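Everything on this sheet refers to the single structure shown next.
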Amino acid sequence: MDLRVTLEELGLMVLGEAEDGRQAVDLVRSLRPDLAILDVMMPQMDGLEAARIIRSEDLAPVMLLTGYAEEDMVSKADSAGVLAYVRKPFRKEDLMPAIAITLGRYRERHNLEQEIESLKEKMESRKVVGRAKAILMERYNLTEREAFHRIQNKSQMLQKPPHEIAKAIITASELGV
32 MDLRVTLEEL GLMVLGEAED GRQAVDLVRS LRPDLAILDV MMPQMDGLEA
82 ARIIRSEDLA PVMLLTGYAE EDMVSKADSA GVLAYVRKPF RKEDLMPAIA
132 ITLGRYRERH NLEQEIESLK EKMESRKVVG RAKAILMERY NLTEREAFHR
182 IQNKSQMLQK PPHEIAKAII TASELGV
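Count along the sequence shown from 1, add 31, and you get the number used in the numbering used here.
Structure below.
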């Protein structure tokens, strides 16, 4: 069964086809598809390595279409960032659920990664504010609450986020000002 024809029969648009793994990565980089469907066995670079690159660059979700079903291969696919695994020969009716799962997992992973990044930024901001509070507490003999209020007040007065005020306090302290 021809994959391109099957996908088009399902109402999907095929943006490109690659002869090997390197070409697949290049196509995904240039075309930015909603989904990349790869085979494990591809010349020059196998589908797992191509999937690893596509995942590391966060170019598109990857679904693997392959004749291999060994547990080791499934584990390698998972490690490479593959989000769904469909065995050949596939049936037309098996593709849409696998595609939907791939896209859903990709969105979920992307949202979680954004949330993690946001939490890291908040943690870093809190560390900076904490360090600035310690400087103010030591220099002006303030309580933690008073030091925090000074940072908050300056933040509101200058219309800048508290972590920027905190960075300025730390820099001034390091310069001996």
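Even glycine gets a Cβ: it sits at the ideal position worked out from N, Cα and C.
If you're wondering where the values come from, they're calculated on a predicted model, not measured in any experiment.
Let me make sure I understand the geometry here. Which of the options has the alpha-carbon closest to that of residue i?
{"i": "T133", "options": "V113, R122 and L46", "result": "V113"}
{"i": "R63", "options": "R86, M73, L79 and F121", "result": "R86"}
{"i": "V159", "options": "L43, P193, G98 and N142", "result": "P193"}
{"i": "A163", "options": "L41, M104, R83 and E195", "result": "E195"}
{"i": "G161", "options": "M104, A178, L150 and E148", "result": "A178"}
{"i": "E48", "options": "L41, E40, L143 and L58", "result": "L58"}
{"i": "M73", "options": "P92, V56, S156 and E50", "result": "E50"}
Please return the same chain residues whose Cβ sits closer than 7 Å to the Cβ of residue i, not counting the five positions on each side in sequence.
{"i": "K130", "result": "Note that residue 130 corresponds to Ile in the displayed sequence, not to Lys. Excluding positions up to five away in sequence, the list reads L66 and M94."}
{"i": "Q54", "result": "none"}
{"i": "L79", "result": "V71, K107, A108 and A111"}
{"i": "K119", "result": "L96, T97 and G98"}
{"i": "Q183", "result": "P193"}
Can you round the beta-carbon distance between residue i and residue j to whole angstroms, since I take them to be within the 8 Å contact cut?
{"i": "A81", "j": "L69", "result": "6 Å"}
{"i": "D77", "j": "G42", "result": "Wrong, their Cβ atoms sit about 30 Å apart, outside the cutoff."}
{"i": "V56", "j": "I84", "result": "5 Å"}
Counting only beta-carbon atoms, is residue i nearer than 7 Å to chain D?
{"i": "L150", "result": "This model lacks chain D altogether, as it is built from one protein chain only."}
Please go through the same chain and pick out, in chain order, the residues whose beta-carbon is closer than 6 Å to the beta-carbon of residue i, but skip the five residues on each side of it.
{"i": "K123", "result": "T37"}
{"i": "L46", "result": "L62 and P64"}
{"i": "S186", "result": "P193 and I196"}
{"i": "R136", "result": "L114"}
Just grab the DSSP bridge partners of residue i for me.
{"i": "M76", "result": "Paired residues: none, contrary to the question."}
{"i": "A91", "result": "None; A91 has no bridge partner."}
{"i": "Y116", "result": "L95"}
{"i": "L69", "result": "L95"}
Who are the near neighbours of residue i in its chain, counting only those whose CB is closer than 8 Å to its CB and skipping five residues on each side?
{"i": "R60", "result": "E88 and L90"}
{"i": "R35", "result": "V45 and E48"}
Can we say the stretch 186-200 touches the stretch 163-177, given the rule of at least three CB pairs closer than 8 Å?
Taking a contact to require three or more Cβ pairs closer than 8 Å, the stretch 186-200 and the stretch 163-177 qualify as touching.
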